[in-house]
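Trainee: Line by line, the protein sequences give chains A and W. In this text, residue positions in the first sequence follow full-length UniProt numbering: the first is 1, and each later residue adds one. In this text, residue positions in the second sequence follow full-length UniProt numbering: the first is 1, and each later residue adds one.
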Amino acid sequence: MLTELFPNVKADRLGQAIYETVYMTSISTIATFILGLAIGILLFLTSPHNLWANKIVHFLTGALVNIFRSIPFLILLVLLLPFTKMLFDSIRGPNAALPALIIGAAPFYARMVLIALREIDKGVIEASRSMGAKTSTIIFKVLIPESLPALISGITVTAIALVGYTAVAGVIGAGGLGDLAYMHGFQRNRLDVTFVATVIVLVIVFIIQIIGDVLTSKVDKR
Amino acid sequence: MIALKNIIKKYTTKNGPLTAVDNVNLTINQSEIFGIIGYSGAGKSTLIRLLNGLEQPTEGEVIVNDLKFSHIKGKELREARQKVSMIFQHFNLLWSRTVAENIAFPLEIAGMSKVEREQRVQELITLVGLEGREQAYPSQLSGGQKQRVGIARALANNPQVLLCDEATSALDPETTDNILDLLVDINERLGLTIILITHEMHVIQKICHRVAVMEQGRVVEMGDVLEVFQKPQAPITKRFVSQLTGTEDTNAIFQNVKEHYPTGKLVKLVFVGERTEEPVISQLVKQFDVSVSVVHGNISQTKSGPYGTLVVHIDGASENIKKALQFLHQVDVQTEVISYAN
Chain A
1 MLTELFPNVK ADRLGQAIYE TVYMTSISTI ATFILGLAIG ILLFLTSPHN LWANKIVHFL
61 TGALVNIFRS IPFLILLVLL LPFTKMLFDS IRGPNAALPA LIIGAAPFYA RMVLIALREI
121 DKGVIEASRS MGAKTSTIIF KVLIPESLPA LISGITVTAI ALVGYTAVAG VIGAGGLGDL
181 AYMHGFQRNR LDVTFVATVI VLVIVFIIQI IGDVLTSKVD KR
Chain W
1 MIALKNIIKK YTTKNGPLTA VDNVNLTINQ SEIFGIIGYS GAGKSTLIRL LNGLEQPTEG
61 EVIVNDLKFS HIKGKELREA RQKVSMIFQH FNLLWSRTVA ENIAFPLEIA GMSKVEREQR
121 VQELITLVGL EGREQAYPSQ LSGGQKQRVG IARALANNPQ VLLCDEATSA LDPETTDNIL
181 DLLVDINERL GLTIILITHE MHVIQKICHR VAVMEQGRVV EMGDVLEVFQ KPQAPITKRF
241 VSQLTGTEDT NAIFQNVKEH YPTGKLVKLV FVGERTEEPV ISQLVKQFDV SVSVVHGNIS
301 QTKSGPYGTL VVHIDGASEN IKKALQFLHQ VDVQTEVISY AN
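#1: If the criterion is Cβ atoms closer than 8 angstroms, does the pair Ala133 (chain A) and Ile109 (chain W) meet it?
#2: Roughly how many angstroms lie between the CA atoms of Ala169 (chain A) and Trp52 (chain A), to the nearest whole one?
#3: Can you pull the chain W neighbours of Arg129 (chain A), defined as C-beta to C-beta under 7 angstroms?
#4: Taking 8 angstroms as the threshold (C-beta atoms), are Phe69 (chain W) and Gly53 (chain W) in contact?
#5: In angstroms with no decimal places, state the Cα-to-Cα distance between residue 410 (chain W) and Leu107 (chain W).
#6: Going by beta-carbon coordinates alone, are Leu155 (chain W) and Ile186 (chain W) separated by less than 8 angstroms?
#7: Hey, does Arg78 (chain W) have any beta-carbon neighbour from chain A nearer than 8 angstroms?
#8: Would you list the one or two residues that DSSP bridges to Leu310 (chain W)?
#9: Which first and last residues belong to the beta strand (DSSP E) in which Asp165 (chain W) is found?
#10: Are Lys221 (chain A) and Ser96 (chain W) close, meaning C-beta to C-beta below 8 angstroms?
#11: Below 9 angstroms on C-beta distance, what does Arg222 (chain A) contact in chain W?
#12: To which residues does DSSP link Ala212 (chain W) through a beta bridge?
#13: Among W:Ala167, W:Thr13, W:Lys286 and W:Val84, whose alpha-carbon lies nearest the alpha-carbon of Leu192 (chain W)?
#14: Taking all protein chains shown into account, do 16 or more other C-beta atoms lie within 10 angstroms of the C-beta of Pro48 (chain A), making it buried, or fewer, making it exposed?
#15: Do we get a CB-CB distance below 8 angstroms when we pair Ile109 (chain W) with the residues of chain A?
#16: Using 8 angstroms as the Cβ pair cut-off and three pairs as the minimum, do the stretch 173-183 of chain A and the stretch 196-203 of chain A touch?
#17: In chain A, what lies closer than 8 angstroms to Asn92 (chain W) by C-beta?
#18: Check the C-beta distance from Ile314 (chain W) over to Gly264 (chain W) and give it rounded, since I have them as a contact under 8 angstroms.
#19: Does Pro145 (chain A) come within less than 8 angstroms of chain W when only Cβ atoms are used?
#20: Strictly under 8 angstroms for the Cβ-Cβ distance: is Asp105 (chain W) near chain A by that measure?
#21: Select from the stretch 72-85 of chain A all residues with a C-beta closer than 7 angstroms to any C-beta belonging to chain W, and list them in chain order.
#22: Name, please, each residue of chain W whose Cβ falls closer than 8 angstroms to the Cβ of Leu148 (chain A).
#23: Would you mind telling me which residues of chain A sit closer than 7 angstroms to Phe88 (chain W), beta carbon to beta carbon, in chain order?
#24: How long is the line joining the alpha carbons of Asn342 (chain W) and Lys268 (chain W), rounded to whole angstroms?
#25: Nearest to Tyr19 (chain A) by alpha carbon, out of A:Ala106, A:Ala97 and A:Leu177?
#26: Can you pull the chain A residues whose beta carbon is under 9 angstroms from the beta carbon of Gln82 (chain W), in chain order?
#27: Would the beta-carbon of Arg117 (chain W) fall within 8 angstroms of that of Leu130 (chain W)?
#28: Mind checking Ile172 (chain A): buried by the 16 CB within 10 Å criterion, or exposed?
#29: With Phe68 (chain A) as the anchor, note down where its alpha helix (DSSP H) starts and where it stops.
#30: If you pair each beta-carbon of the stretch 169-176 of chain W with each one of the stretch 135-148 of chain W, do three or more pairs fall below 8 angstroms?
#31: Determine the DSSP secondary structure at Phe88 (chain W), reduced to helix, strand or coil.
#32: In terms of alpha-carbon separation, which member of W:Met214, W:Glu123, W:Tyr39 and W:Asn92 lies closest to residue 241 (chain A)?
#33: DSSP state of Gln334 (chain W), grouped into three classes?
#34: Determine the direct distance from the alpha carbon of Lys75 (chain W) to that of Val64 (chain W), and round the result to whole angstroms.
#35: At 7 angstroms on the CB atoms, spell out the chain W contacts of Thr137 (chain A), in chain order.
#36: Do residue 268 (chain A) and Leu80 (chain A) have their C-beta atoms closer together than 8 angstroms?
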């Protein structure tokens, strides 16, 4: 019955596209989490009256974040093509999309990390300092655990945005469900392919949201 | 021993420079409970943070445990802080950690092994009376229990000094008394020096040996608690003392008494120590042929003995009243004539 409803959907091609989307989303989400967290913590610690208060570093990091956050993703994708070619020796396939996905999403996430860290009670940081904690201890045992629910809900939002970005990356031949929906579905006027690809993207988004919500409520002991 | 020498702390704010601490000199003895009282903005929060290096003085020297806290940095300062603990008004516990994990945090910082940590945490839990709550999260505790966790955490690395930053100001009166009792118990059992800042005279009265009164960054008065209570000098100290003796709101009553009994004198008597237990008033009536009526009375227990105030209306021949007041002076009862009738 399914083959009658969706005559042009090929299981192997669909499976390949799902794999590529999940691959691109998960790798870029992990990298964005690490990079965005590092930048966010740097922004937080260098802000006025903080542990590493430094106007110049804070301003430069903030400016860099704002610049990369402002470039539309499609343009960033194209701008980074030479860099991608240098890195992977190819501008096709899921790997080719990764630099643009990470560089596009990390500044976005860094801002969310900064907001999450600002929500931490200043008194807790002061108490840790009064106990003789090093800055690294404060980062890993106070800042990250105390802001974890916000960090997780932030990465959930970012991961969902990344699913959307992977679809755009399909345009430069990165593969995935976006590529399938556009190149194979829309361009060849096979609307059933576009429809199935869209539904699967929605399912992926819902799964990410549910995982994010469950994790957030699990770590929140407030 | 703790010493603050010629401490000045200035801040630059949007509204120009601000001197938070202005030329303060203090010496605090070992195993003493020392109170610093003042209204908000008096500079006491800054002062207490100078003692563990959370703030550095603009000028002057801070010496705690023979270490110049005002002149050490980095690793040396961090290690020194493990011996000068602090508890806070809003407890400042990590909500992401259980009671046991919160108490273990300073031990982790000190680099203690997991097995030793678990044993030490259990000792501390027993010390502060939190048995059975080890696995609870701070959000599941009452204010008093949270402060007990704060105290256990502060005591974890066997400090020599405990700094209390308005530690009972967020608690209800009964819980405040429980926490104060715990602090006294710790002071007596462990010989810990306790320095606390507060705006409540009750806290000073209940547990402090000595007190310093701060106003606008300066220490305006300092001495043994009982002495300061008995003979407050600065106007602000008098206000704090009357906060405790309850004479603050009674001026209207005094006015009323004055109107109804236009003769005689309204006198405030201050009794300290053993005097509080002697029948001074009945002696007064018998010996000098005056009538004495009690208008207001109060007695409070301090660390170094009871302290009472009594406001009485003395009536009779003016010669007798004069003699009566002289007698009171002789028996070492402080007198203060509140108003002259006639």
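Heads up, the beta-carbon is just placed ideally off N, CA and C, and yes, glycines get one too.
Mentor: Answer, in terms of the structure:
#1: In this structure, Ile109 (chain W) lies closer than 8 angstroms to Ala133 (chain A) by Cβ.
#2: In this structure, the CA atom of Ala169 (chain A) is about 38 angstroms from the CA atom of Trp52 (chain A).
#3: Proximity of chain W to Arg129 (chain A) at the Cβ level (cut-off 7 angstroms) is accounted for by Leu54, in chain order.
#4: Contact: yes.
#5: Here chain W covers residues 1 to 342 and nothing more, so residue 410 (chain W) does not appear.
#6: Taking 8 angstroms as the Cβ cut-off, Leu155 (chain W) and Ile186 (chain W) qualify as a contacting pair.
#7: It does: the Cβ of Arg78 (chain W) has a partner Cβ on chain A nearer than 8 angstroms.
#8: Residue pairing by DSSP puts Leu310 (chain W) in a beta bridge opposite W:Leu269 and W:Gly297.
#9: Start and end: Val161 to Asp165.
#10: A contact, by the Cβ cut-off of 8 angstroms.
#11: When 9 angstroms is used as the limit between beta carbons, Arg222 (chain A) is near these residues of chain W: Trp95, Ser96, Tyr137, Pro138 and Ser139, in chain order.
#12: Ala212 (chain W) is bridged by DSSP to W:Ile36 and W:Met222.
#13: When each option's Cα is compared against that of Leu192 (chain W), the closest is W:Val84.
#14: It counts as exposed.
#15: Ile109 (chain W) belongs to the set of residues whose beta carbon lies under 8 angstroms from a beta carbon in chain A.
#16: With a cut-off of 8 angstroms, the stretch 196-203 of chain A and the stretch 173-183 of chain A count as touching, because enough Cβ pairs lie within range.
#17: Neighbours of Asn92 (chain W) on chain A, chain order: Asp121, Gly123, Val124, Glu126 and Ala127.
#18: Indeed, because the Cβ distance is near 6 angstroms, the residues count as touching under 8 angstroms.
#19: Answer yes: the Cβ-Cβ gap between Pro145 (chain A) and chain W drops below 8 angstroms somewhere.
#20: For the sequence presented, residue 105 (chain W) should be read as Phe rather than Asp. Yes, contact with chain A.
#21: Along the stretch 72-85 of chain A, there is no position whose C-beta sits under 7 angstroms from a C-beta of chain W.
#22: Under the 8 angstroms cutoff, chain W gives Ser96.
#23: Contact of Phe88 (chain W) with chain A by beta-carbon distance below 7 angstroms involves Gly123 and Ala127.
#24: With a pLDDT of only 39 at Asn342 (chain W), under 50, the local geometry of the prediction cannot be trusted, and no value is derived from it.
#25: Considering only A:Ala106, A:Ala97 and A:Leu177, the residue with the shortest C-alpha distance to Tyr19 (chain A) is A:Leu177.
#26: Think of a sphere of 9 angstroms around the beta carbon of Gln82 (chain W): the chain A residues whose beta carbon falls inside it are Met131 and Gly132, in chain order.
#27: It is not a contact, given that the beta carbons lie outside the stated cut-off.
#28: Ile172 (chain A) should be labelled buried.
#29: According to the DSSP assignment, Phe68 (chain A) belongs to the alpha helix (DSSP H) that extends over Lys55 to Ser70.
#30: Counting C-beta pairs closer than 8 angstroms gives three or more between the stretch 169-176 of chain W and the stretch 135-148 of chain W, which meets the contact rule.
#31: In the structure shown, the three-state DSSP call for Phe88 (chain W) is strand.
#32: This structure cannot speak to residue 241 (chain A), because chain A is shown only from 1 to 222.
#33: It is a strand residue.
#34: When rounded, the distance between both Cα atoms is 16 angstroms.
#35: Within 7 angstroms of the CB of Thr137 (chain A), the CB atoms of chain W belong to Ile109, in sequence order along the chain.
#36: Nothing in the structure corresponds to residue 268 (chain A), since chain A is present only between 1 and 222.
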